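Down below is the structure, laid out as C-alpha cells.
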Amino acid sequence: MTEQTRKNDFGYIGYEYREVAVSGEYISIYMDSYPCFGWEPDPNRAMGQEGGASIPKGAERADHGDRKTLYFRRSHSISNKAELTRLQRNFDSCIQEIEELNRSKTITALMAALSVGIVGTAFMAGSVFAVTAEPPVIWLMILLALPGFAGWILPCFLYRKLVQKKSAEVNPLIEQKYDEIYTICEKGNNLIYM
Numbered sequence: 001m002t003e004q005t006r007k008n009d010f011g012y013i014g015y016e017y018r019e020v021a022v023s024g025e026y027i028s029i030y031m032d033s034y035p036c037f038g039w040e041p042d043p044n045r046a047m048g049q050e051g052g053a054s055i056p057k058g059a060e061r062a063d064h065g066d067r068k069t070l071y072f073r074r075s076h077s078i079s080n081k082a083e084l085t086r087l088q089r090n091f092d093s094c095i096q097e098i099e100e101l102n103r104s105k106t107i108t109a110l111m112a113a114l115s116v117g118i119v120g121t122a123f124m125a126g127s128v129f130a131v132t133a134e135p136p137v138i139w140l141m142i143l144l145a146l147p148g149f150a151g152w153i154l155p156c157f158l159y160r161k162l163v164q165k166k167s168a169e170v171n172p173l174i175e176q177k178y179d180e181i182y183t184i185c186e187k188g189n190n191l192i193y194m
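Quick note, the sequence shown lines up with residues 1 to 194 if you use UniProt numbering.
Here's what the structure looks like:
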C-alpha cells in the first residue's frame, strides 16, 4: 500500500478486518494472493506455534480439522474497493473449486474400493456359513472363499488405479484454475498499484 493509504488527513486510518478459514495446504497461496486485493496480515495477531511448526504471521489454529484461520486487514478507504472485492470473490471460488477437484480424485476410488470390499466380505461370510453348517460343505466354502479373499485384496490396487486415472483427468483442470488465480491476482495488483 502507498503511504497515502496508510494515513489520511487526520493521521487515522480505518481498517476492515477479515478472517478466512483455510486448509493447511493453501495457506501460502492465501498469504501471497490476498495482498493483491488490498489485504495485509493483521499485525495485531501474533505468530503462533502448532506442533513445533511455526504458523505464518496472521494465521492461527482453527477448531476444525487441518484448517487454519488467517486474519487480514485492509484500509477502509482503499480505491477500487468494489472491483477488488469482486476479484477476491473470484479468487475464493477458484480455491474452493480446486479443493473440490482434489477431493474428487479420491471419492470415486474410495466408493469403488469400499463396494468391492463389502462384496468380498459377503462372500467370506457365505464361506463361513458353509463351513459351519451341519454337515460342513467344504466345496461351497472354497468356492465362496476365493472371491471373498479377492474382494479383500483387490480394493487396495483398485483404489490406487482409480486415483491415478482420476488424477490424470483432474490435474489439467486444477492447473487451469491456478492460471485463472494468477490472472485474477495480476488484475487486483494492477488496480492497487496503478
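Glycine included, C-beta positions come from ideal geometry on N, C-alpha and C. Remember, predicted model here, so these are calculated numbers, not experimental data.
Check: Bridge partners - residue 75, DSSP secondary structure assignment; Outcome: 15
Check: Residue 156, buried or exposed, once every other Cβ within 10 Å from all chains shown has been counted against 16; Outcome: exposed
Check: Local conformation of residue 134 per DSSP, three classes; Outcome: coil
Check: Local conformation of residue 41 per DSSP, three classes; Outcome: strand
Check: Segment limits, alpha helix (DSSP H) that includes residue 30; Outcome: 27 to 33
Check: Other residues of its chain near residue 101: CB distance less than 8 Å, five sequence neighbours each side excluded; Outcome: 170, 173, 174 and 177
Check: Interface flag, residue 190 vs chain D, CB-CB below 8 Å; Outcome: Absent from the structure is chain D; it holds one protein chain and no more.
Check: Residue 24 beta carbon less than 8 Å from that of residue 75; Outcome: no
Check: Touch test, the region 147 to 162 against the region 108 to 120, Cβ-Cβ under 8 Å, three pairs minimum; Outcome: yes
Check: Contact under 8 Å by Cβ, residue 27 with residue 68; Outcome: yes
Check: Nearest-angstrom beta carbon gap, residue 36 and residue 185 [assumed within contact, 8 Å]; Outcome: 4 Å
Check: Classification of residue 14 by the beta-carbon crowding that lies within 10 angstroms, buried from 16 upward; Outcome: exposed
Check: Same chain, Cβ closer than 6 Å to residue 88, neighbours up to 5 away in sequence not counted; Outcome: 37
Check: Whether residue 91 touches residue 42 by CB criterion (8 Å); Outcome: no
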